[in-house]
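Student: Numbering (the working numbering), first residue to last: 4 to 390.
All residues carry an ideal CB built from backbone N, CA and C; glycine is no exception.
Bear in mind that the values here come from a model prediction, so they are computed numbers and not experimental data.
Got a structure for you, written out below as structure tokens; questions coming shortly.
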């Protein structure tokens, strides 16, 4: 089989979406399938270094600077990419990031829609863009592609309900997990010094978007400090750039920190690398991830793989991903979050049980399993009689 992968989203950083493309491409090319990777022209050399050319891989640059919904990208989806796929004798096209518009489709195509969060939380997206570009765009993209893949049963139901996609058209294929970086003692000491960590700490990752529920987490942590006398800090990771939405959210979070009197106890780290994240996973007491909406919630599994206990929300995609390996809480309840944190700190037996269950849980989330399920979906899209 020969698969065309849309890698236009790659812009110099390997995030979760990019990691998915990289791992699936590597699996397919190692199992004698052929792959064509399409990338931005100005990222060609970086992409070559990521994939390390082999005889089963072809990399073709596209003259485009953004993967965003636009007339130029619609033309690429409908014409250029279709023609490339035909010229390469490909069997199928996989668009891996939430939207694509093959109006003149010449080959079967799969679209991966990781979630439809902006249907529930608009956050940084402007009102006009959300109502008149994103929402109708997602609906059209789901209509134009043969199959929709998504990362959880929750996301499948959410896409069907909010976007109007028939359930029979959607396939659930979870994310895989990356391998942790090796322990780095020097890096750990550097992080302790940089963020003034003198004792153990509680970790939250994922940034300060509205749905990440940081304000309630701040007040829950303040209760842990004031009522349960917790001596450590709360570290909140994630980019805090100069965009208006992020400035607004940071101001809201800072006000909550001041209101709670936690100026010396709560640290916003800003953007951190994967190596730094893994060091935090190794050093923290536990991860608390009380998001109000996640289609999947990969930090939950990343923490489990690093033998870190996890507290997470009992809503949307998180209980499906975590199973019985995490402490599930109502993210709207400050008292419930505080109680969970206190119990994990005091109950060593519970912590050990959660670590063991977490390690067992993550065993199913391998990129080989993910790749094999996508391969089966490709075969189904190419041959409707395949089973």
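1. Can you tell me whether DSSP reads residue 9 as helix, strand or coil?
2. Nearest to residue 289 by alpha carbon, out of 260, 62, 281?
3. In three-state terms, what does DSSP make of residue 108?
4. Along the chain, where does the beta strand (DSSP E) that runs through residue 28 open and close?
5. So what does DSSP say about residue 228, is it helix, strand or coil?
6. Roughly how many angstroms lie between the CA atoms of residue 318 and residue 333, to the nearest whole one?
7. Considering Cα atoms alone, identify which of 50, 51, 28, 64 is closest to residue 44.
8. Could you spell out the range, first to last residue, of the beta strand (DSSP E) harbouring residue 322?
9. Who are the Cβ neighbours of residue 93 in its own chain at under 7 Å, not counting the five residues just before and after it?
10. If we call anything under 8 Å between Cβ atoms a contact, is residue 98 one with residue 81?
11. My understanding is that residue 285 touches residue 197, with C-beta atoms under 8 Å, so please give their C-beta distance in whole angstroms.
12. Cutting at 6 Å between CB atoms, please list the residues of its own chain near residue 190, excluding the five before and the five after it.
13. Are at least three pairs of beta-carbons, each pair with one atom in the region 144-152 and one in the region 162-173, less than 8 Å apart?
14. What number of angstroms, rounded off, separates the C-alpha of residue 242 from the C-alpha of residue 273?
15. Going by beta-carbon coordinates alone, are residue 144 and residue 103 separated by less than 8 Å?
16. Helix, strand or coil, according to DSSP, for residue 273 in the structure here?
17. When the Cα atoms are used, what is the spatial distance from residue 47 to residue 57?
18. Work out the CA separation of residue 266 and residue 158 for me, nearest whole Å.
19. Helix, strand or coil: how does DSSP classify residue 207 here?
20. What is the C-beta distance between residue 214 and residue 89, in whole angstroms, given that I count them as a contact (C-beta under 8 Å)?
21. Would you grab the beta carbon distance between residue 270 and residue 232 for me? Rounded to a whole angstrom, and I think it's under 8 Å.
22. At what residues does the alpha helix (DSSP H) containing residue 377 begin and finish?
Tutor: Let's see:
1. Your numbering for residue 9 matches position 6 in the chain shown. Under the three-state reduction of DSSP, residue 9 is assigned to strand.
2. Residue mapping note: residue 289 aligns to position 286 of the chain shown, counting from 1. Answer by Cα proximity: 281.
3. The count along the chain shown starts at 1 and reaches residue 108 at position 105. Coil at residue 108, not helix or strand.
4. Translated into the one-based positions of the chain shown, residue 28 becomes position 25. Careful: residue 28 lies outside any beta strand (DSSP E), inside the alpha helix (DSSP H) at 19-33.
5. Here residue 228 refers to the residue found at position 225 when the chain shown is read from its first residue. In the three-state scheme derived from DSSP, where H, G and I count as helix and E and B as strand, residue 228 is classed as helix.
6. In the chain shown, the residue the question calls residue 318 occupies position 315. In the chain shown, the residue the question calls residue 333 occupies position 330. Distance between the alpha carbons of residue 318 and residue 333 is about 8 Å.
7. Translated into positions along the chain shown, residue 44 becomes position 41. Nearest of 50, 51, 28, 64 to residue 44, Cα basis: 64.
8. Mapped onto the chain shown, residue 322 falls at position 319. Annotation: residue 322 is outside any beta strand (DSSP E); the continuous alpha helix (DSSP H) that includes it extends over 321-325.
9. Position 90 of the chain shown, counting from 1, holds the residue named residue 93. Residues of the same chain with a CB within less than 7 Å of the CB of residue 93, apart from the 5 flanking positions on each side, are 5, 6, 7, 39, 110 in chain order.
10. To locate residue 98, count along the chain shown from 1; it is residue 95. To locate residue 81, count along the chain shown from 1; it is residue 78. Taking 8 Å as the Cβ cut-off, residue 98 and residue 81 do not qualify as a contacting pair.
11. As a position in the chain shown, residue 285 is number 282, starting the count at 1. As a position in the chain shown, residue 197 is number 194, starting the count at 1. At roughly 16 Å, the Cβ-Cβ gap does not stay under 8 Å, so residue 285 and residue 197 are not in contact.
12. Here the question's residue 190 lines up with position 187 in the chain shown. Excluding residues within five positions, the ones whose Cβ falls inside 6 Å are 282.
13. Output reads yes: the region 162-173 touches the region 144-152.
14. Taking the first residue of the chain shown as 1, we reach residue 242 at position 239. Taking the first residue of the chain shown as 1, we reach residue 273 at position 270. Going from the Cα of residue 242 to the Cα of residue 273 covers about 5 Å.
15. Counted from its first residue, the chain shown places residue 144 at position 141. Counted from its first residue, the chain shown places residue 103 at position 100. Cβ atoms of residue 144 and residue 103: closer than 8 Å.
16. Along the chain shown, one-based indexing puts residue 273 at 270. The answer is strand: DSSP assigns residue 273 an E or B state.
17. Walking along the chain shown from the start, residue 47 turns up at place 44. Walking along the chain shown from the start, residue 57 turns up at place 54. Residue 47 and residue 57 have their C-alpha atoms some 15 Å from each other.
18. Against the chain shown, residue 158 aligns to sequence position 155. Against the chain shown, residue 266 aligns to sequence position 263. Those two C-alpha atoms are separated by around 37 Å.
19. Reading the chain shown from its first residue, position 204 is the one you call residue 207. Strand, per DSSP.
20. The residue given as residue 214 occupies position 211 in the chain shown. The residue given as residue 89 occupies position 86 in the chain shown. Not confirmed; about 41 Å, so no contact.
21. For the purposes of this step, residue 270 is taken as residue 267 along the chain shown, with counting starting at 1. For the purposes of this step, residue 232 is taken as residue 229 along the chain shown, with counting starting at 1. Their Cβ separation, rounded to whole angstroms, is 19 Å, which puts residue 270 and residue 232 out of contact at 8 Å.
22. One-based indexing of the chain shown puts residue 377 at position 374. Start and end: 370-385.
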